[in-house]
Ligand SMILES: Nc1ncnc2c1ncn2[C@@H]1O[C@H](COP(=O)(O)OP(=O)(O)O)[C@@H](O)[C@H]1O
Ligand SMILES: [Mg+2]
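Residue numbers (our numbering): 41 to 379.
Dropping the structure here:
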């Protein structure tokens, strides 16, 4: 599948990245949904799809509803939760000093710059954020527990824009009044969140998973961007999937939101088709945002990747890509036009 990104239509409606992704990829096929269960007209509005449920058949409305992300779906809960969202736990203050995030680096890397000008990128991530936060609310109301507060950013292959999307989404959510965001580097083999933000740190999630003496809260780095903190990947090990699959993971992940009912935890992950941690993490999150890179991600790879996270409650697709017009004019890198 290498269809070009379409220009805005004549009505002036600008399709969002999620809408464009749904135009380019056959999600119904990718999710192996039975066409007879689906409405005649595919939803052009969004690429939010519920995980397929073996029995009973999934409600087709979840695909065709005008606001798919707000639709409560009823597959099994993504992960048992060890703490209630509303538990009156006093959050533990981080022991680490506040890290200063390099604004110039953000600008150079085409990330959203806090208090910077409104750009097409910041606008697109606003749309994506709104949908995800609506989904978070719907899942919390549906009783998903703390898993509702967790979002996995994943993709089939390397270099499709997972880290780029995770950082931009985190920066966008950090501006919310009712939420703060914890950005977790879960690409244990090739961590890049800290270097992308121009900060340093060592102890992280894998240390806390591997060693019960390490408190994960103590590894969280507060930043000088209001509402944003970062959890490094931690030690490198060839046992990362085994640690993630262990019983301790539930406890450690629960600590990330304990005392923070408004916190959104974003996991930047390794490629699904190259390493197993992303699929394991998918079992603990309420939402997965699958990044597809225009003209790069094949529908076959997308289908295989979706198969690995099929147990996740809510899966949305985000189209990432760079396009050039026939005249050679460069379009905006994220929006497809006019940056
Ligand atoms: N939309 C985009 N605009 C500009 N640069 C991008 C965009 N998407 C990805 N990149 C760049 O492409 C490279 C790979 O992206 P990255 O997010 O690191 O991929 P992944 O995490 O999936 O391996 C990085 O240098 C990143 O900054
Ligand atoms: Mg990455």
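Yeah, the Cβ is synthetic: ideal placement off N, Cα and C, and Gly gets one too.
Residues sharing a beta bridge with residue i, DSSP
i           : result
residue 269 : 222, 262
residue 308 : 193, 225
residue 303 : 220
residue 139 : 263
Straight-line Cα distance separating residue j from residue i
i           : j           : result
residue 151 : residue 336 : 21 Å
residue 288 : residue 246 : 11 Å
residue 229 : residue 136 : 24 Å
residue 265 : residue 141 : 7 Å
residue 147 : residue 173 : 25 Å
residue 332 : residue 344 : 13 Å
residue 89  : residue 179 : With a pLDDT of 48 at residue 89, under the threshold of 50, the predicted position of this residue should be treated as unreliable, and no value is reported.
residue 316 : residue 202 : 15 Å
residue 164 : residue 334 : 16 Å
residue 385 : residue 183 : The structure shown has nothing for residue 385, since the chain only spans 41 to 379.
residue 168 : residue 209 : 8 Å
residue 304 : residue 218 : 10 Å
residue 154 : residue 294 : 28 Å
residue 360 : residue 205 : 8 Å
residue 188 : residue 323 : 12 Å
residue 156 : residue 139 : 19 Å
residue 301 : residue 192 : 18 Å
residue 356 : residue 330 : 6 Å
residue 346 : residue 297 : 27 Å
residue 291 : residue 223 : 18 Å
residue 268 : residue 211 : 7 Å
residue 252 : residue 171 : 36 Å
residue 234 : residue 198 : 18 Å
residue 341 : residue 328 : 16 Å
residue 144 : residue 238 : 9 Å
residue 149 : residue 161 : 12 Å
residue 227 : residue 318 : 8 Å
residue 352 : residue 176 : 13 Å
residue 86  : residue 244 : Residue placement at residue 86 is poorly supported in this model, since its pLDDT is 30, which falls under 50; the coordinates still yield a value, given next. Roughly 35 Å separates the two Cα atoms.
residue 306 : residue 278 : 23 Å
residue 215 : residue 326 : 22 Å
residue 94  : residue 158 : Residue placement at residue 94 cannot be trusted, given a pLDDT of 33 that sits under 50; what the coordinates show is reported in the next sentence. Using only the alpha carbons, I get a separation of about 44 Å.
residue 221 : residue 261 : 12 Å
residue 283 : residue 274 : 12 Å
Any non-hydrogen atom of ligand 4 within 7 Å of residue i CB
i           : result
residue 351 : Absence of ligand 4 is noted for the structure shown, with ligand 1 and ligand 2 being the only ligands found.
First through last residue of the beta strand (DSSP E) which encompasses residue i
i           : result
residue 330 : 327-333
residue 359 : 354-360
Alpha helix (DSSP H) segment containing residue i, residue limits
i           : result
residue 232 : Looking at the DSSP string, residue 232 is not in any alpha helix (DSSP H), and its letter there is neither H nor E.
residue 317 : 317-322
residue 143 : 143-148
residue 349 : From DSSP, residue 349 is part of no alpha helix (DSSP H); its letter is neither H nor E.
residue 199 : That residue, residue 199, is in no alpha helix (DSSP H); it is neither H nor E in DSSP.
residue 151 : Careful: residue 151 lies outside any alpha helix (DSSP H) and carries neither H nor E.
residue 181 : 160-181
residue 281 : 280-284
residue 288 : 288-297
residue 248 : 245-250
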